[in-house]
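K.L.:
One structure follows; several queries about it will come next.
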Amino acid sequence: MTSKLSRGAAAILAAGCLLAVSAPAQAEPWDTPGDAGVAAADLVDAGAAAEAESLDGLDGESAAEAAGAAAAPWGEVARVAANTRHAQFDAIVRVGNCSGSIIALPDAEPGDQALILTNGHCYNNRMRAGDVVTNMPSRQRVYLFAGDRARKIGTLTTTRALYSTTTGSDITIFDAGITYEELYRRYRTIPRIVANDTAGPGTGVQVTSGYWKRSYDCTITANVDKLKEGGWTWQGAFRMEGPGCSTRSGSSGSPVIDSTGRVVAVNNTANFHGNYCTDVNACEVNLDPRSGYTNTTVHRGARYATRVDQLAGCFTHSRTDLGRWECELYGGAAHTGHDQNYWR
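Right under this line is the structure:
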């Protein structure tokens with residue numbers, strides 16, 4: 003895998019305690035903006051600049067520029083997120099020694115807890131095949147960026163790993179410890195929307211890393227049935243290639259962003275040396291429709307990303323909801339496997 007792993011992750015997993023999921027605060031009846039399709043900076047109420055005095059961790063930005071609006075300017079977070087023209091590093095984060103992004107699922111409301119998306123192996127690389135983490139207390143320092151030049155605007159602290167696995171997919175969803183409303187008020191940050199469909203070959207994407215504070219230009223060149231690396235197997239991965247597609251250690255968890263600004267996948271691994279199915283040398287396992295047999299192939303230099311279109315079916319207002327009939331993540335009701343090992 004292509005991350006630098008955070009220390010103490012194994013101790014967190016071993017704690018094994020259950021944190022009850024509390025209901026999110028009820029959202030107020032926010033006014034619908036007149037034009038949701040404006041730049042994030044244009045959504046700020048200039049009259050709220052006085053609030054900047056109370057903001058912390060903004061790395062020297064002027065108070066007037068850093069202030070959030072007196073009230074979030076949306077009625078539904080997901081709708082505004084989908085219609086916002088984000089700058090390159092808006093809603094991009096660094097999580098430990100990995101990268102990530104602040105995302106919104108389709109039912110997101112201002113009072114819901116903000117969600118952070120990164121890789122499962124960024125939470126813990128010692129999970130066994132079949133392990134699923136849900137609602138585990140987890141305090142991770144998260145650096146929040148904005149703008150086209152990765153300007154750090156604040157520091158968040160996660161409260162829980164709402165979902166994490168390295169089986170089937172390589173996904174972690176953290177509770178950011180702040181609501182979408184508070185996130186906008188304090189940092190003027192609007193989350194990124196997660197795609198509810200899969201990208202196809204030929205799609206140009208950017209892999210934006212909060213760890214390296216840079217973006218990599220890639221092209222999705224194939225949809226992969228199964229991706230194997232060491233003891234891990236992932237379904238529904240994307241192969242990414244191109245002259246600028248040189249992601250490296252620390253870019254794990256980076257959102258893979260299409261031309262509309264949607265997060266269509268999460269960067270998670272590569273094949274660096276041309277070896278078969280070993281650590282940092284992922285191999286592809288695809289079904290040959292003509293013969294009915296599987297073929298294992300290696301594409302040296304290729305980068306890979308895990309799909310995210312299943313996320314919406316497994317959460318309800320930022321709460322883990324694996325019992326939903328449409329939840330296809332590993333451990334979910336619609337997943338065909340029944341050998342999950344739950345850590346709660």
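Note that the numbering used here numbers the sequence shown so that position 289 is 291, with each residue one more than the last. Note that beta-carbon positions come from the ideal geometry of N, C-alpha and C, so glycine has one too.
1. Tell me the DSSP secondary structure of R190 in three-state form.
2. Could you tell me the alpha carbon to alpha carbon distance between Q237 and G132, rounded to whole angstroms?
3. Under the three-state reduction of DSSP, which class applies to V82: helix, strand or coil?
4. Near T308, what residues of its chain come up, given a Cβ to Cβ distance below 7 Å and the 5 sequence neighbours on each side ignored?
5. Output the distance between the C-alpha atoms of A69 and R190, rounded to the nearest integer angstrom.
6. Could you give the first and the last residue of the continuous beta strand (DSSP E) run that contains G238?
7. Express the C-alpha separation of Y186 and A52 in angstroms, rounding to a whole number.
8. Look at T249 and R305 and say whether their C-beta atoms are less than 7 Å apart.
9. Three-state secondary structure (DSSP) at G315?
10. Could you tell me if W327 is buried or exposed, where buried requires 16 or more neighbouring beta carbons within 10 angstroms of its beta carbon?
11. Nearest CA to the CA of G246: which residue from R96, D219 and L324?
12. Am I right that P193 and A272 are in contact with their C-beta atoms under 8 Å? What's the rounded C-beta distance?
13. In three-state DSSP terms, what is C124?
14. Whether or not the stretch 117-124 and the stretch 97-108 are in contact is what I'm after, with contact meaning three or more pairs of Cβ atoms, one per stretch, closer than 8 Å; do they touch?
15. Classify N261: buried if its beta carbon has 16 or more other beta carbons within 10 angstroms, exposed otherwise.
16. How many Å lie between S251 and F274 at the Cα?
17. Give the DSSP bridge partners of A176, in chain order.
18. Quick one: is D44 buried, meaning 16 or more other Cβ sit within 10 Å of its Cβ, or exposed?
19. Assuming V79 contacts A110 under a Cβ cut-off of 8 Å, what Cβ separation, rounded to an integer in Å, is found between them?
20. Taking C-beta to C-beta, are A179 and T159 nearer than 7 Å?
21. Short of 6 Å in beta carbon distance, which residues of its chain neighbour G325, apart from the five on each side in sequence? Order them along the chain.
22. So, under 8 Å CB-CB, A314 and V207 are touching, yes? Tell me the CB distance rounded to an integer number of Å.
23. Measure the beta-carbon distance from G98 to Q142 and round it to whole angstroms, keeping in mind my assumption that it falls under 8 Å.
24. For C279, which residues of its own chain have a beta-carbon under 6 Å away from its beta-carbon, when the five flanking residues on both sides are left out?
25. Rounding to the nearest angstrom, what Cα-Cα distance links L117 and T205 in this structure?
26. Can you tell me whether N297 is buried or exposed, with buried defined as 16 or more other CB within 10 angstroms of its CB?
27. Can you give me the Cβ contacts of D323 inside the same chain, cut-off strictly under 8 Å, excluding the 5 residues immediately before and after it?
28. What number of angstroms, rounded off, separates the C-alpha of N288 from the C-alpha of G113?
29. How many angstroms separate the CA atom of H337 from the CA atom of T161?
30. Going by C-alpha to C-alpha distance, which of V265, R321, V282 and P291 sits closest to D311?
31. Name the DSSP beta bridge partners of H215, please?
32. Please report the straight-line C-alpha distance between V258 and S293, rounded to a whole angstrom.
33. With burial defined as no fewer than 16 other Cβ atoms inside 10 Å of the residue's Cβ, what is the status of T299: buried or exposed?
34. In whole angstroms, give me the CA-to-CA distance for C281 and R241.
35. Just to confirm the assignment: which complete beta strand (DSSP E) runs, minimum length 3, are found wholly within the stretch 259-305?
36. Do the CB positions of A106 and S140 come within less than 7 Å of each other?
P.N.:
Working from what's here:
1. coil
2. Taking the straight line joining both Cα atoms gives about 13 Å.
3. helix
4. Correct list, in chain order: S171, D172, I173, W236, A239, A267, V268 and N270.
5. For A69, the predicted structure reports a pLDDT of 37, less than 50, and the residue's modelled location is therefore unreliable. The matter cannot be settled from this model.
6. If you look at G238, you'll find it in the beta strand (DSSP E) that goes W234 to E243.
7. Residue placement at A52 cannot be trusted, given a pLDDT of 31 that sits under 50; what the coordinates show is reported in the next sentence. A52 and Y186: Cα-Cα distance of roughly 15 Å.
8. Between T249 and R305, the C-beta gap is smaller than 7 Å, which places the two residues in contact.
9. Helix, per DSSP.
10. exposed
11. D219
12. About 27 Å separates the beta carbons of P193 and A272, which is beyond the 8 Å limit, so they are not a contact pair.
13. Three-state result, C124: helix.
14. Enough Cβ pairs lie closer than 8 Å, so yes.
15. Looking at the sequence itself, residue 261 is Ser, so the reference to Asn does not match. With fewer than 16 Cβ atoms within 10 Å of its Cβ, S261 is classed as exposed.
16. 11 Å
17. As written in the sequence, residue 176 is Phe, which differs from the Ala given in the question. The partner list for F176 (beta bridge, DSSP) reads I118 and A163.
18. Here the model assigns D44 a pLDDT of 37, short of 50, so the residue's position is not dependable, and the following value carries that caveat. That one is exposed.
19. Rounded, the Cβ-Cβ distance is 4 Å, consistent with contact.
20. In the sequence as presented, Ala is not what sits at residue 179; that position holds Gly. The answer is yes: Cβ separation under 7 Å.
21. A335
22. Their Cβ separation, rounded to whole angstroms, is 20 Å, which puts A314 and V207 out of contact at 8 Å.
23. 6 Å
24. K230 and C285
25. 26 Å
26. exposed
27. C316, F317 and C329
28. 43 Å
29. Distance from the CA of H337 to the CA of T161, rounded to the nearest whole angstrom, comes to 27 Å.
30. By alpha-carbon distance to D311, the top candidate from V265, R321, V282 and P291 is V265.
31. It is worth fixing the name first, because residue 215 is Lys in this sequence and not His. According to DSSP, K215 bridges with nothing at all.
32. 33 Å
33. exposed
34. Note that residue 281 corresponds to Asp in the displayed sequence, not to Cys. C-alpha separation (whole angstroms): 17 Å.
35. 265-272, 285-289 and 296-299
36. no
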